[in-house]
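Residue numbers (UniProt numbering), protein chains in the order written: chain A, 1 to 258; chain B, 1 to 258. Just so it is clear, CB atoms sit at the ideal spot from N, CA and C, and this is done for glycine as well. Accompanying notes for the structure given below.
Number of protein chains: 2
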Amino acid sequence: MKDDAIKPTGTQSIARAAAVLRALALRSQSGARMADIARETGLERPTAHRILQGLIAEGMATQNEGTRRYYLGPFIYELGLLAEPRFHLREIAGQAVAFLAEQTGDTVFLAVRGGNDALCIERKAGSFPIKAFTVEVGSRMPLGIGCGGIAMLAALPEEEAASILKFNAPRLAEYGDVTATQLAELVAAARGRGYAINPHRAPGIAAVGMAVRHADGGLAGSISIAAIENRLPSERIEKIAPMLRAEIRKIEKMLRAS
Amino acid sequence: MKDDAIKPTGTQSIARAAAVLRALALRSQSGARMADIARETGLERPTAHRILQGLIAEGMATQNEGTRRYYLGPFIYELGLLAEPRFHLREIAGQAVAFLAEQTGDTVFLAVRGGNDALCIERKAGSFPIKAFTVEVGSRMPLGIGCGGIAMLAALPEEEAASILKFNAPRLAEYGDVTATQLAELVAAARGRGYAINPHRAPGIAAVGMAVRHADGGLAGSISIAAIENRLPSERIEKIAPMLRAEIRKIEKMLRAS
DNA sequence: CTTGACATGTCCATATTATGGACTATTAAT
DNA sequence: ATTAATAGTCCATAATATGGACATGTCAAG
């Protein structure tokens with residue numbers, strides 16, 4: 001998130017509060033304990049506690065009274081709704097996703113990054129009768145699971161991608177028997193060729209995906225195409241990839257213009 | 001947003017940063033100048049500038065180099081996506097919105113508050129052939145314009161509602177010739193009867209709306225029903241209001257359980 | 001029931017950060 | 001060209017945020 005520009009001074013509290021929000025984001029489903037937050041942010045417990053109380057007072061965090069766990073608060077949701085139009089990837093990319101589904105006949109997914117997860121925000125089915133509905137719109141899974149996630153990891157700085165894979169390693173068991181090492185290889189291969197191939201997203205399913213970037217080069221999201229394995233041999237992937245790249249170029253141009 | 005609980009100490013910087021984010025939220029479409037932010041937050045300009053630089057460093061704000069204006073940043077969007085499931089009003093309320101559209105035959109809207117605006121996040125048309133599509137999904141307008149906005153204002157503390165109406169007063173001209181005084185009267189009337197009636201949302205259109213609350217009593221959003229004027233005489237409004245209230249009670253119960 | 005481990009939460013002397021008046025630079029309006 | 005408005009910087013110091021020490025609460029083990 002931080003660029004290489006000169007860091008501002010007198011903003012330690014803001015940086016610390018943002019770090020706490022990132023810790024909450026990582027556990028936005030399960031909720032975070034204060035001990036988790038203190039450990040992940042490197043803050044002393046009284047400091048973490050005070051920052052949490054400050055965020056709660058502003059509506060940016062909430063605490064479940066029963067479990068004592070902390071969550072992102074309603075003001076974050078509200079701000080997110082207002083921020084959405086400036087990053088309205090769903091609207092801008094929706095046509096491209098529909099076009100790719102029509103042209104390929106397969107299922108096309110649009111995803112964005114959410115912390116260490118990928119969030120599916122759009123899906124279009126193609127005409128081919130066997131649909132690879134591997135992901136529901138609105139769902140989330142660790143970055144690396146799914147071709148879109150691999151493509152997004154490949155678009156991130158290597159250290160950041162490695163850190164995410166390390167964080168996600170214990171979580172992979174919920175999604176099959178793929179290992180972090182295998183995912184690291186898929187990410188490296190994706191970096192090399194410019195697009196991700198996931199040959200074993202699920203048994204019998206294969207996928208190809210590519211990242212979408214903001215004007216400043218930052219990661220905006222990804223588009224991926226999934227089909228039954230025998231519909232995606234190497235030759236067809238090599239035909240689909242340029243089509244995907246062309247649509248993504250158009251999306252990136254519109255993101256630049258907005 | 002702030003409750004009446006004891007305010008935490010040692011969190012002035014967080015409160016100030018949140019105030020800056022609110023100022024950015026108010027102008028999330030047009031962008032905010034630093035002078036705007038300093039004035040609205042009451043901060044001295046060097047302080048406002050430094051806080052903005054801190055938020056930019058964390059990805060919570062961005063600055064357009066050409067216009068110099070500041071906007072909510074990509075990290076806010078990402079956090080908003082992660083916060084959404086805990087406040088997934090669209091999912092929880094979707095069935096109620098569809099049911100009300102089916103039962104009344106008219107158009108039903110679901111909206112949330114976004115700063116001083118109302119954001120339409122869901123719309124269902126009923127079977128009656130004349131549709132009151134006064135608002136597009138995804139659109140926003142000042143709170144007070146539209147029945148859902150009036151209902152949300154009525155659910156807020158009176159001072160907060162007055163402050164929002166004051167802020168929105170100069171903006172009303174874009175939406176017809178209704179005045180802030182008229183809106184204040186509609187809000188007061190809504191507070192009295194427990195639901196909002198907007199007899200002149202647009203020429204020939206009338207609407208009825210009600211707020212949805214979170215478990216803690218805070219405002220979650222609103223549901224409103226719009227139709228051509230002669231389809232909503234007083235007698236019919238008195239039949240629709242209990243139905244609306246019953247559906248909203250169900251939604252609030254599910255919000256509590258989630 | 002008791003004990004120990006772990007976690008949450010509070011206090012306040014003081015270390016350190018954040019502040020904002022004074023100033024410079026840039027842009028827009030006249 | 002001049003003036004007004006706005007953006008942005010600097011740094012002495014005001015005042016905020018810190019975290020070690022401690023209190024309290026919860027839960028699992030014995």
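Check: Stretch-stretch touch, CB-based, cutoff 8 Å, three pairs: the stretch 229–239 of chain A with the stretch 194–206 of chain A; Outcome: yes
Check: Backbone secondary structure at residue 94 (chain A) - three-state DSSP; Outcome: helix
Check: Burial state of residue 38 (chain A) (16 or more Cβ within 10 Å); Outcome: buried
Check: Assigned secondary structure, residue 145 (chain A) (DSSP; H/G/I helix, E/B strand, else coil); Outcome: coil
Check: Inter-residue Cα distance where the pair is residue 238 (chain A) and residue 195 (chain A); Outcome: 10 Å
Check: is_contact[residue 70 (chain A), chain B] using C-beta, thresh 7 Å; Outcome: no
Check: Residue from B:31, B:20, B:79 with nearest C-alpha to residue 20 (chain A); Outcome: B:79
Check: Every unbroken alpha helix (DSSP H) within the stretch 71–142 of chain A, with a cutoff of 4 residues, ordered by chain; Outcome: 74–83, 89–104
Check: 7 Å Cβ cutoff, residue 182 (chain B) in contact with chain A; Outcome: no
Check: Against chain A: residues of the stretch 46–64 of chain B by CB proximity under 7 Å; Outcome: 50, 51, 53, 54, 55, 57, 58, 59, 60
Check: Below-7 Å beta-carbon distance, residue 223 (chain A) vs any chain B residue; Outcome: no
Check: Secondary structure of residue 181 (chain B), DSSP reduced to three states; Outcome: helix
Check: Alpha carbon of residue 276 (chain A) to alpha carbon of residue 151 (chain A), nearest angstrom; Outcome: Absent from the model: residue 276 (chain A). The displayed extent of chain A is 1 to 258, so no value can be given.
Check: Chain-ordered residues of the stretch 150–182 of chain A with a beta carbon less than 8 Å from chain B; Outcome: none
Check: Residue 189 (chain A) versus residue 23 (chain A): straight-line alpha-carbon distance, rounded; Outcome: 30 Å
Check: Three-state secondary structure assigned by DSSP to residue 41 (chain A); Outcome: helix
Check: Cβ-based burial, residue 2 (chain B) [other Cβ within 10 Å; buried from 16]; Outcome: Unreliable positioning characterises residue 2 (chain B) in this predicted model, as indicated by a pLDDT of 38, which lies under 50. A coordinate reading is not provided.
Check: Members of the stretch 102–126 of chain B near chain A, C-beta cut-off 9 Å; Outcome: 112, 113, 114, 115, 117, 119, 121
Check: For residue 208 (chain B) and residue 162 (chain B), believed in contact at Cβ under 8 Å, the rounded distance; Outcome: No, residue 162 (chain B) and residue 208 (chain B) are not in contact; Cβ-Cβ is about 23 Å, not under 8 Å.
Check: N- and C-terminal bounds of the beta strand (DSSP E) containing residue 213 (chain B); Outcome: 205–213
Check: Identity of the residues DSSP links to residue 12 (chain A) by a beta bridge; Outcome: Paired residue(s): none; residue 12 (chain A) is not in a bridge.
Check: Integer-rounded CB distance, given that residue 54 (chain B) should sit under 8 Å from residue 14 (chain A); Outcome: 4 Å
Check: Buried/exposed call for residue 249 (chain A), threshold 16 Cβ in 10 Å; Outcome: exposed
Check: Pair within 7 Å by beta-carbon distance, residue 112 (chain B) and residue 217 (chain B); Outcome: no
Check: Minimum C-alpha distance to residue 223 (chain B) - residue among B:48, B:110, B:95; Outcome: B:110
Check: Rounded straight-line distance, which links the Cα of residue 169 (chain A) to that of residue 134 (chain A); Outcome: 20 Å
Check: For residue 235 (chain B) and residue 90 (chain A), the rounded distance between their alpha carbons; Outcome: 42 Å
Check: Span of the beta strand (DSSP E) around residue 224 (chain A); Outcome: 219–228
Check: Cα-Cα separation, residue 259 (chain B) to residue 214 (chain B); Outcome: Residue 259 (chain B) lies beyond the residue range present for chain B, which begins at 1 and ends at 258; the question has no answer from this structure.
Check: Rounded straight-line distance, which links the Cα of residue 142 (chain A) to that of residue 171 (chain A); Outcome: 7 Å
Check: Helix, strand or coil at residue 62 (chain A) according to DSSP, with G and I counted as helix; Outcome: strand
Check: Where residue 233 (chain A) sits in the DSSP three-state scheme; Outcome: coil
Check: Proximal chain A residues relative to residue 86 (chain B), where beta-carbon distance stays under 9 Å; Outcome: 28, 29, 62, 71, 72, 73, 74, 77
Check: Rounded separation between residue 45 (chain A) and residue 129 (chain A) - CA only; Outcome: 55 Å
Check: Bridge-paired residues (DSSP) for residue 198 (chain A); Outcome: A:207
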